[in-house]
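Following the working numbering, the numbering of the sequence shown begins with 543 at its first residue and continues without gaps. The beta-carbon is built from N, C-alpha and C at its ideal position, and this holds for glycine as well. None of the values given here were measured: they were computed from a predicted structure.
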Amino acid sequence: QLNEEADHVKGTFLDKYRLSLITPELYYHDGQIYDEDYVYGSFLQSAMAEKGVTCTNCHDPHSAQLKIPEEAVCAQCHVASDYLSENHTFHQANTEASKCTTCHMPETTYMQVDPRRDHSWHVPRPDLSKHINTPNVC
Numbered sequence: 543q544l545n546e547e548a549d550h551v552k553g554t555f556l557d558k559y560r561l562s563l564i565t566p567e568l569y570y571h572d573g574q575i576y577d578e579d580y581v582y583g584s585f586l587q588s589a590m591a592e593k594g595v596t597c598t599n600c601h602d603p604h605s606a607q608l609k610i611p612e613e614a615v616c617a618q619c620h621v622a623s624d625y626l627s628e629n630h631t632f633h634q635a636n637t638e639a640s641k642c643t644t645c646h647m648p649e650t651t652y653m654q655v656d657p658r659r660d661h662s663w664h665v666p667r668p669d670l671s672k673h674i675n676t677p678n679v680c
């Protein structure tokens with residue numbers, strides 16, 4: 543049981559951490575991560591956060607590791623047969639390119655040792671890449 547009077551327990555998450563705003567120095571114009579920031583700030587942009595999903599729906603709260611295998615995490619809410627097909631991914635099944643996270647959570651390594659995935663779960667938009675120079679994972 544937590545000691546509710548301990549300083550590190552009092553208040554809310556946002557009482558203790560100041561998240562970065564979505565600015566051109568940190569984010570592309572479509573909201574994808576451009577430079578180092580908190581994963582949580584990107585997560586707040588997502589439809590999943592809007593629907594009430596929290597970090598611990600996917601991650602162990604103590605280790606931050608995924609609770610279950612990567613593709614199974616997505617299948618907690620999404621019907622796998624609808625999304626793992628080549629008709630959806632446009633890539634050969636069971637390849638790195640066909641994984642949910644490859645398209646919707648691109649990874650960037652910061653400081654050469656800190657790989658992080660974008661938790662805003664954007665849908666790849668080649669048209670935006672062409673017109674406003676945002677990254678295109680494909």
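- Message: Per DSSP, what are the beta-bridge partners of I575 in this structure?
- Response: Stepping through the sequence shown from its first residue, residue 575 is reached at position 33. Note: I575 sits in a beta bridge opposite Y569.
- Residue range of the beta strand (DSSP E) that includes T651: Here residue 651 is taken as the residue at index 109 of the sequence shown, counted from 1. Element bounds for T651: E649 to Y652.
- Query: With respect to the beta strand (DSSP E) encompassing D656, which residues constitute its N-terminal and C-terminal limits?
  - Reply: Residue 656 sits at position 114 when you count from the first residue of the sequence shown. Per DSSP, D656 belongs to the beta strand (DSSP E) from D656 to R659.
- Task: Can you tell me which of the three DSSP states L586 falls into?
- Result: Working through the sequence shown from its first residue, we reach residue 586 at position 44. Here L586 sits in coil by DSSP.
- Message: Quick check: the Cα distance between Y580 and D669, rounded to an integer number of angstroms?
- Response: Position 38 of the sequence shown, counted from the start, is the residue given in the question as residue 580. Position 127 of the sequence shown, counted from the start, is the residue given in the question as residue 669. Rounded to the nearest angstrom, the two C-alpha atoms are 27 Å apart.
- Query: When the distance is taken between beta carbons, is Y582 closer than 8 Å to L561?
  - Reply: Looking up residue 561 in the sequence shown gives position 19. Looking up residue 582 in the sequence shown gives position 40. For L561 and Y582, yes; Cβs fall inside 8 Å.
- Query: Which class does H673 belong to by DSSP, given the choice of helix, strand or coil?
  - Reply: Walking along the sequence shown from the start, residue 673 turns up at place 131. It is helical.
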